[in-house]
Every structure is written in structure tokens, then in C-alpha cells.
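Engineer: Handing you a structure now.
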Amino acid sequence: MAVRTTGHIGLRVGDALIVVDLQSDFLPDGRLAVPRGDEVVPLLADCVRRFLAHGLPVFATRDWHPADHCSFQAQGGPWPPHCIAGTPGAAFARDLCLPRAVVIVSKATERDRESYSAFAGTDLAQRLRRAGCTRVFVGGLATEYCVLSTVLDAIDEGLAVVLLVDAVRAVNVQADDGVRALARMTERGASIATVAELPE
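UniProt numbering applies: residue 1 is where the sequence shown begins, and numbers increase by one.
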């Protein structure tokens, strides 16, 4: 599926960056590795730098599961254990530089509640409103799960959304899951851009 991007896109007051789940367990050799997930790390590290250089807020989300989380296969869920709070697998990617100004958003922290979206069970919406944010740029892992859910919830919160299409990767349990997720996000109103289209 060919993806049309917006072309050069400016950054302005009211913009924010959401980096979704760039954690060790989702990278190669992790417990729930997303194919080629490591490729997005330098792209999003560059985005973090650019947004902070423009004085714009950056939020980094993370799965922060209890050891017996409902999404794990031992509890009847679909996934192997991953991103257990406080373990090396839950740590952010080593090459993702997150200065102290970056706000960390922990999600899926309750044993009996699955939360793909960065907005589910967190205070992200309130933080964005307090910061005066009206548009969010989103990239990370994985396209058809946490990125998709975060984008759709951001739209439901009344935010404009720009998906950084070269800075996402899909699990693709089914071969075209990622493509279908991209289509769903754009059908709901998300714009598409690449990292190169952002200003330095």
C-alpha cells in the first residue's frame, strides 16, 4: 500500500511527541520482538532531540506489567511475558536518549487490565491538556497494537494526530496487520509524515 505523506511539516506551539513503547523486550532478541523494531530507535531519538530543541513536550510510554499480567499466556492471554516492571526487558532502548524533560507514561500496570493505548488508565490526556497540546506526533511499537490504540484514543480526545510512518513497525501476526492499521488510522483522520519532513 502506497502511503502519501504530508510533505514538509512545521512544528508549532501546541505540538507534542509521543514515543510508544521503545523497550528492550520489543527489540530484536527481546521476549516479544517486533520485526525490525530496532530500526525506529534512531529515528525517534532524533525526533526527541528535535522536539526538545523547539521547546515542545515529549512523552515516552512504556508497558510496565506486573509479573502475572492478564495479557501473558500463563494467565490465558496472547503474549509471552514481556516488559515486566523493573526488569531489563522493560527498560527503554539503550540508544534512545531521554533527557529529564521527557515525561514517562507507564501503562498496563494493573494485573487484570490490558491497556494498549497510552491513554488507557494513565493521566496522559490531562498532561497534554495542561501543556496546551492540540496536535501529537506518534511513532513507536507496534503499529497495529499500541500505536494504533494510542492514535485512535488521541483522535477521540480531540487531538490532531500525525503518524510518523517511517518510525513504526508492525508485529504482523497476520501478514497485512500493519497495513490495515495504517489504513484505519488515516481513515479516522490521522495525517502521515516521515521524520525527514520535520524541521531540525
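Ideal Cβ placement from N, Cα and C applies to all residues, glycine included.
#1: Are at least three pairs of beta-carbons, each pair with one atom in the region 18-27 and one in the region 74-94, less than 8 Å apart?
#2: Roughly how far, in whole angstroms, is the beta-carbon of Leu27 from the beta-carbon of Asp38, given that I think they are within contact range, below 8 Å?
#3: Going by Cα to Cα distance, which pick from Asp156, Arg12 and Gly140 is closest to Leu163?
#4: Specify the secondary structure class of Ile9 as computed by DSSP and reduced to three states.
#5: For Arg19, which residues from the same chain have a beta carbon less than 6 Å from its beta carbon, with the 5 sequence-adjacent residues on both sides left out?
#6: Which runs of the alpha helix (DSSP H) at least 4 residues long sit entirely within the region 53-137? Give them in chain order.
#7: Measuring CB atoms only, is the region 105-123 touching the region 143-156, in the sense that at least three cross pairs come out at less than 8 Å?
#8: Cα separation between Ser106 and Arg184?
#9: Please report the residue range of the beta strand (DSSP E) in which Leu152 lies.
#10: Using a Cβ-Cβ cutoff of less than 6 Å, which residues in the same chain neighbour Val103 once the five nearest sequence positions on both sides are dropped?
#11: Please say whether Val168 and Val136 have beta carbons closer to each other than 7 Å?
#12: Note down the Cα distance separating Val34 from Ala170, rounded to an integer number of angstroms.
#13: Which two residues bound the contiguous alpha helix (DSSP H) that contains Asp177?
#14: DSSP three-state label for Arg31, please.
#15: Could you pull out every residue in the same chain whose Cβ sits closer than 8 Å to the Cβ of Pro42, ignoring the five residues on either side in sequence?
#16: In three-state terms, what does DSSP make of Ala196?
Structural biologist: Per the coordinate set shown:
#1: yes
#2: Numbered from its first residue, the sequence shown carries residue 27 at position 27. Numbered from its first residue, the sequence shown carries residue 38 at position 38. 5 Å between Cβ atoms; contact.
#3: Within the sequence shown, residue 163 is the residue found at index 163, counting from 1. Of Asp156, Arg12 and Gly140, the residue nearest in Cα terms is Gly140.
#4: Position 9 of the sequence shown, counted from the start, is the residue given in the question as residue 9. Residue state, collapsed to three classes: coil.
#5: Here residue 19 is taken as the residue at index 19 of the sequence shown, counted from 1. Looking at the sequence provided, one finds Val at residue 19 rather than Arg. Closer than 6 Å at Cβ, skipping near neighbours: Leu44, Ala60 and Gly140.
#6: 124-130
#7: yes
#8: As a working note, residue 106 is residue 106 in the sequence shown. As a working note, residue 184 is residue 184 in the sequence shown. Roughly 25 Å between the two C-alpha positions.
#9: Locating residue 152 in the sequence shown gives position 152, where the first residue counts as 1. Where Leu152 is concerned, there is no enclosing beta strand (DSSP E), although the alpha helix (DSSP H) it sits in stretches over Leu148 to Asp156.
#10: Indexing the sequence shown from 1 puts residue 103 at position 103. Excluding sequence neighbours, Val103 sits near Phe59.
#11: Taking the sequence shown and counting its residues from 1, the one referred to as residue 136 is at position 136. Taking the sequence shown and counting its residues from 1, the one referred to as residue 168 is at position 168. Not closer than 7 Å, so no.
#12: Taking the sequence shown and counting its residues from 1, one reaches residue 34 at position 34. Taking the sequence shown and counting its residues from 1, one reaches residue 170 at position 170. In a straight line, the C-alpha of Val34 is about 6 Å away from that of Ala170.
#13: Numbered from its first residue, the sequence shown carries residue 177 at position 177. From DSSP, the alpha helix (DSSP H) with Asp177 extends over Asp177 to Glu187.
#14: The count along the sequence shown starts at 1 and reaches residue 31 at position 31. Note: Arg31 maps to coil in three-state DSSP.
#15: Translated into positions along the sequence shown, residue 42 becomes position 42. Once the five neighbours on either side are set aside, the close Cβ partners of Pro42 are Asp95.
#16: Position 196 of the sequence shown, counting from 1, holds the residue named residue 196. Ala196 falls in the helix class under three-state DSSP.
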